[in-house]
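The listed protein sequences correspond, in order, to chains A and B. Residue numbering for the first sequence follows our numbering, starting at 12 and increasing by one per position. Residue numbering for the second sequence follows our numbering, starting at 2 and increasing by one per position. What follows is a single structure, written as structure tokens, with notes after it.
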Amino acid sequence: MIAGDLYLIMLLLFSTGILSAFFTRRNVKYTNYIAHSIALMGCAMAILCAIFVFVQGEFKFTLPVLLPFGEMIIKVDGLSAFFLFVVGVVGVATSLYAYGYSREYEECRLPLMAGLYNAFLLSIVLVLTVQHVAAFIIAWELMSIVSFFLVNHEYEKKVNTRSAYIYILMTHIGTVFIITAFLLLAVAAGSMNFEHLSGNSVNAFMKNIVFICVLIGFGTKAGMVPLHIWLPRAHPAAPSHVSALMSGAMLKTAIYGMCRFFLDFLGIGPVWWGVVILVIASITAVLGVLYAFIEHDMKRLLAYSSVENIGIILLGMGAGMVFISSYEPVLAGLAFTAALYHVVNHALFKSLAFMGAGAVLQSAHTKNMEQLGGLIKRMPYTAGFFLVAAVAISALPPLNGFVSEWLTFQALLCLPLALTGIIGKVGSASLIALLGLTGALAAACFVQTFGITFLAKPRSKKAEEAVEAAPTMLIAMGLLAVLCILLGIWPQVMLLLLHKTLQTFSSLDVTMLGNQVWYQIPLAQRGAGEGISTALIGLILAGGGLLAYVLYRNWEREKISGSETWTCGIVPNPRMEYTATGFSKSIRLVFKNIVHSYDETLVNRSSSQYYGRELSYQVRIQYVFVSLVYRPINEGIIKTATFMKNIQTGSVQLYVGYIMFVTVVVLIWSTRW
Amino acid sequence: MMDFFFSVLQSVGILVCAPLLAGIIKKIKARLQNRRGPKVLQTYFDIAKLLQKDSVISPTVSWIFKGAPYIYFAGVLAASSLVPLFIFSGRGFGDIFTLLYLLALGRFFLVLASLDAGSAFGGMGGAREMFIAVLVEPAMLLSICTIAFKAHSSSLGALSSSAANNPFSLAYIFAAIAFFIVLIAETGRIPVDNPDTHLELTMIHEGMVLEYSGRRLALIHWAAAIKQMIMILLFVILFLPWNIVGAASVIGLIGKILLVSIGIAFAEISTNKMRLFKVPNFLAVSCLLSLLALVAQ
Numbered sequence: 012m013i014a015g016d017l018y019l020i021m022l023l024l025f026s027t028g029i030l031s032a033f034f035t036r037r038n039v040k041y042t043n044y045i046a047h048s049i050a051l052m053g054c055a056m057a058i059l060c061a062i063f064v065f066v067q068g069e070f071k072f073t074l075p076v077l078l079p080f081g082e083m084i085i086k087v088d089g090l091s092a093f094f095l096f097v098v099g100v101v102g103v104a105t106s107l108y109a110y111g112y113s114r115e116y117e118e119c120r121l122p123l124m125a126g127l128y129n130a131f132l133l134s135i136v137l138v139l140t141v142q143h144v145a146a147f148i149i150a151w152e153l154m155s156i157v158s159f160f161l162v163n164h165e166y167e168k169k170v171n172t173r174s175a176y177i178y179i180l181m182t183h184i185g186t187v188f189i190i191t192a193f194l195l196l197a198v199a200a201g202s203m204n205f206e207h208l209s210g211n212s213v214n215a216f217m218k219n220i221v222f223i224c225v226l227i228g229f230g231t232k233a234g235m236v237p238l239h240i241w242l243p244r245a246h247p248a249a250p251s252h253v254s255a256l257m258s259g260a261m262l263k264t265a266i267y268g269m270c271r272f273f274l275d276f277l278g279i280g281p282v283w284w285g286v287v288i289l290v291i292a293s294i295t296a297v298l299g300v301l302y303a304f305i306e307h308d309m310k311r312l313l314a315y316s317s318v319e320n321i322g323i324i325l326l327g328m329g330a331g332m333v334f335i336s337s338y339e340p341v342l343a344g345l346a347f348t349a350a351l352y353h354v355v356n357h358a359l360f361k362s363l364a365f366m367g368a369g370a371v372l373q374s375a376h377t378k379n380m381e382q383l384g385g386l387i388k389r390m391p392y393t394a395g396f397f398l399v400a401a402v403a404i405s406a407l408p409p410l411n412g413f414v415s416e417w418l419t420f421q422a423l424l425c426l427p428l429a430l431t432g433i434i435g436k437v438g439s440a441s442l443i444a445l446l447g448l449t450g451a452l453a454a455a456c457f458v459q460t461f462g463i464t465f466l467a468k469p470r471s472k473k474a475e476e477a478v479e480a481a482p483t484m485l486i487a488m489g490l491l492a493v494l495c496i497l498l499g500i501w502p503q504v505m506l507l508l509l510h511k512t513l514q515t516f517s518s519l520d521v522t523m524l525g526n527q528v529w530y531q532i533p534l535a536q537r538g539a540g541e542g543i544s545t546a547l548i549g550l551i552l553a554g555g556g557l558l559a560y561v562l563y564r565n566w567e568r569e570k571i572s573g574s575e576t577w578t579c580g581i582v583p584n585p586r587m588e589y590t591a592t593g594f595s596k597s598i599r600l601v602f603k604n605i606v607h608s609y610d611e612t613l614v615n616r617s618s619s620q621y622y623g624r625e626l627s628y629q630v631r632i633q634y635v636f637v638s639l640v641y642r643p644i645n646e647g648i649i650k651t652a653t654f655m656k657n658i659q660t661g662s663v664q665l666y667v668g669y670i671m672f673v674t675v676v677v678l679i680w681s682t683r684w
Numbered sequence: 002m003m004d005f006f007f008s009v010l011q012s013v014g015i016l017v018c019a020p021l022l023a024g025i026i027k028k029i030k031a032r033l034q035n036r037r038g039p040k041v042l043q044t045y046f047d048i049a050k051l052l053q054k055d056s057v058i059s060p061t062v063s064w065i066f067k068g069a070p071y072i073y074f075a076g077v078l079a080a081s082s083l084v085p086l087f088i089f090s091g092r093g094f095g096d097i098f099t100l101l102y103l104l105a106l107g108r109f110f111l112v113l114a115s116l117d118a119g120s121a122f123g124g125m126g127g128a129r130e131m132f133i134a135v136l137v138e139p140a141m142l143l144s145i146c147t148i149a150f151k152a153h154s155s156s157l158g159a160l161s162s163s164a165a166n167n168p169f170s171l172a173y174i175f176a177a178i179a180f181f182i183v184l185i186a187e188t189g190r191i192p193v194d195n196p197d198t199h200l201e202l203t204m205i206h207e208g209m210v211l212e213y214s215g216r217r218l219a220l221i222h223w224a225a226a227i228k229q230m231i232m233i234l235l236f237v238i239l240f241l242p243w244n245i246v247g248a249a250s251v252i253g254l255i256g257k258i259l260l261v262s263i264g265i266a267f268a269e270i271s272t273n274k275m276r277l278f279k280v281p282n283f284l285a286v287s288c289l290l291s292l293l294a295l296v297a298q
């Protein structure tokens, strides 16, 4: 029971972390080191605990603390351990990063932030490990509320407060659905223990209701379109290490919840479940990356990119659900492997990217790409690590993003085996094309992000004065960058882990992952010899590049003369550089039916009619779902409220009258039976 | 591991032959326009000449600019080792998605390099290159789907043998035209891009590499030629029917490559470059044809 002990130590550490932040609040420097060190150790314990669970098998505690609802049950099985592992890895990096990054907040309630940070980690690990309905919902709420406070940390800025309120509102709408889903199953099972929950105890209709509730409830947390609107607001508002944790770890708890329901509780459902997820997932992926592409705020861009990646994860899960419904366990295994692999990848590269953006923000004091530029010379290491994240997010080989995207492609390619007929074929082909479009857009988006932020000349004074980030921040980013590369060229480690995670589910068959050639990812439906090996691809790439380089170097020393960039005879200045707005304009115009943008060129002719006019260019983007869904709902609610105000006159007698009236109606109604 | 060595051998072959193919297309195009045109081997001479030249590099740039040609070259080279010229090549370590994403890797770095120098030309070229890439990707995958669904695999060996054994059909014609459109867009030829000009209104690929000179430019030209050859080979192997796989078919293969070259040259002389914002429609035609091919199967 080493895993169990480690688990308890982890809980203890996080709790101590919360308290330590309180007790050391007089000296914020100490708080920074102590609280974040404790968080770091806690996360390390989470990783160790997960590894021990993988090696020795699951463990279970029953603590009689949750008295009104029975006992609190903590159980770490393969699925929990897998997500615990992901959270642990991200947490280690963000805690390291927090040492350097929190210095920004020494004047700004650092102890509170550090304490909440520990509480946030604690709530996430609780969500992943408690196996009891009431305890889960309490942990879930704790996670939402703590993250709300973290989003709202810099409440002096009005925009942050607004973001935080939208976040808490959306997340609570989600929670309503989650509670409904849990209660429907718990009432049918007569128990709140996860082990007793089962979709078979309710009829087919109720099962569908549970499915929809799960999809909406956890979908809200995951950032599924159209429930994603909180995400691009909340992530940029939070401090960067918290954004990294929110994107890397918190969104994944929603995926964990979906996996728990779909694989564990609900069992085999109708095919349309999977199809619905696939449709939503493809919309989520494409819309997410489109919005990311046209965004200039680095952190908002990354938040939209999270929406996209959730779409890719859901594509894998949707395909898996379709395969489960059509009794194809091997293919379902492949699809869920793809989804969970992408969970890990997204956790790694998105936290890395958020940390990079945070480093830029701390150093240049702006998140607006249009004011940055040339940072590769001022922050070489941050630039290098961000580049790794950018290549990985764009799913380019040989980094890790490619592996999971490849697996997702494989899963989608096999879809016609389950969805037969022309519609299945055309549908799967469209999904593959949309995933390809997503990949290409992501590449374009991150070329823009990296190119505009880090390359060419600085576009503002702030960017010119930027300096390299603190060493601890660099170590944290380096750690994740190395993992991104490692999981790209040696994905077999992660596949073995996924084998351990998924083999317990009866609806999946992942034996293929257990016996693989060390250098190869096998194809699901065929034997050995078919598959890809990113290690060999990486080798060829390195070989080719090296060959070209060595030949060039040794042949004859290249003479290089320096000369300014050619700009038709004018001295080049940063104003001539391509901007992010310009870079994404063509895409914006092509997708103008989806991305409603309004361009305005304002001409100020006050000085002269022809010469020396001042031009300013503005782009406003109208978000489809905001104008289509949220604004009407918002207006509807306000209208209803105004209407209801009519009966609210303020006279107590009238209110007593209302109560009498209702009582009488209820009495009459109840006596009818 | 045997497959691996064959793949390396094959990519060396493509590396050597690619400039020749580029020269042949140029020659055919010139002949069709009643010009004499440059020598067939001119591309080799150009590359050799550029290799001897000095480089001029702007002080604005970083290592990205200096390294990008190598990465582009390596990516294209790695992709060339996966082309299913022989049935065993690329088996076990790469498939069609790997190939496409390796090409994307090169493009990613080249576009970054175009932004690095800080000129508006480079940025414009890079932005347009990414724009075309975004549109090509779904069209390409759809046309690949037409054969991949039949082969139930994405492995290039399986795709080529499935293509070889399939009877000639209407679906095939649709798929072939769809891929041909993609081929033109991806290799940067008229009507999508003009490979012969640096004119700022038309350029895409050439604008992107405007800042390059000397050896690095030679490397980029070479890599572009290899990429073009890869795309043509894919078209020949996967979309031209009556495919004979194996060493005996070398003559047939060369014949088909020439046929495609003539097709490309003919397409180039019979149209002019279309407006940038017409390209989506052009590629939408390709998508539609692929979907038709799927329905017709």
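Note that the Cβ used here is the ideal one computed from N, Cα and C, for glycine as well.
Under the three-state reduction of DSSP output, F46 of chain B falls in the helix class.
Going by C-alpha positions, D96 of chain B is about 9 Å away from S154 of chain B. Around T377 of chain A, the same chain offers K473 as residues with beta carbons nearer than 6 Å, after the five sequence neighbours per side are excluded. Beta-bridge partners assigned by DSSP to E625 of chain A: A:N615. Within the stretch 98 to 126 of chain A, no residue places its CB atom closer than 7 Å to a CB of chain B. Neighbours of E575 of chain A in chain B, taken as residues at a C-beta separation under 9 Å, are given in chain order as S59, P60 and T61.
By the C-beta density criterion, A652 of chain A is exposed, having fewer than 16 other C-beta atoms within 10 angstroms. Taking 9 Å as the threshold, the shortest C-beta distance from E588 of chain A to chain B falls below it. Between the alpha carbons of Q664 of chain A and I149 of chain A lies a gap of roughly 40 Å.
Less than 9 Å divides the Cβ of G450 of chain A from the Cβ of E138 of chain B. By the neighbour-count definition (other C-beta atoms within 10 Å, threshold 16), Y128 of chain A is a buried residue. Assignment of V57 of chain B by DSSP, reduced to helix, strand and coil, places it in the strand class.
Taking 9 Å as the CB threshold, P139 of chain B lines the interface with chain A.
Taking the Cα of Y641 of chain A as reference, the smallest distance to any Cα among A:V236, A:A50 and A:L445 is reached at A:V236. Proximity to E611 of chain A across A:L600, A:R599, A:S627 and A:K603 peaks at A:S627, based on C-alpha coordinates. Here the alpha carbon of P409 of chain A sits roughly 32 Å from the alpha carbon of I265 of chain B.
Out of B:Q53, B:P39, B:L143 and B:E269, the CA that lies nearest to the CA of G189 of chain B is found in B:E269. Counting C-beta atoms within 10 angstroms of its own C-beta, W680 of chain A has fewer than 16 neighbours from the protein chains shown and is therefore classed as exposed.
Inclusion of L292 of chain B and V458 of chain A in the CB contact set at 9 Å is not warranted, their separation being larger than that value. The beta-carbon of H153 of chain B is placed less than 9 Å from the nearest beta-carbon of chain A. Nearest in C-alpha terms to L508 of chain A, of all of A:A364, A:K388, A:Q629 and A:A349, is A:A349. Put simply, of A:A370, A:T264, A:M217 and A:S597 the residue whose alpha carbon is nearest the alpha carbon of V136 of chain A is A:T264. For I279 of chain A, no beta strand (DSSP E) run applies, since DSSP gives it neither H nor E. It is roughly 16 Å from the alpha-carbon of G344 of chain A to the alpha-carbon of I323 of chain A. For K388 of chain A, the enclosing alpha helix (DSSP H) stretches over residues L386 to R389. Bounds of the beta strand (DSSP E) holding K71 of chain A are F70 to L74. Among the residues facing chain B, E165 of chain A is not included, as its CB has no counterpart in that chain under 9 Å away. Considering only beta carbons, no part of the stretch 329 to 344 of chain A lies closer than 7 Å to chain B. Taking a Cβ-Cβ cut-off of 7 Å, C18 of chain B has no neighbours in chain A, whose nearest Cβ is about 17 Å from it. Any Cβ of chain A closer than 9 Å to the Cβ of M131 of chain B would place that residue at the interface, and such an atom is present.
Short of 8 Å from the beta carbon of I443 of chain A, and not among the five residues preceding or following it, lie these beta carbons of its own chain, in chain order: F420, L423 and L424. Near chain A, meaning a CB-to-CB distance below 9 Å, the residues of the stretch 186 to 215 of chain B are L211, E212 and G215. Rounded to whole angstroms, the Cβ separation of T182 of chain A and S155 of chain A is 5 Å, and the two are in contact under 8 Å.
In the displayed model, N204 of chain A falls within a strand according to three-state DSSP.
Straight through space, the alpha carbons of E207 of chain B and I58 of chain B are spaced by roughly 17 Å. The three-state reading of DSSP puts V84 of chain B in coil, since its state is none of H, G, I, E or B.
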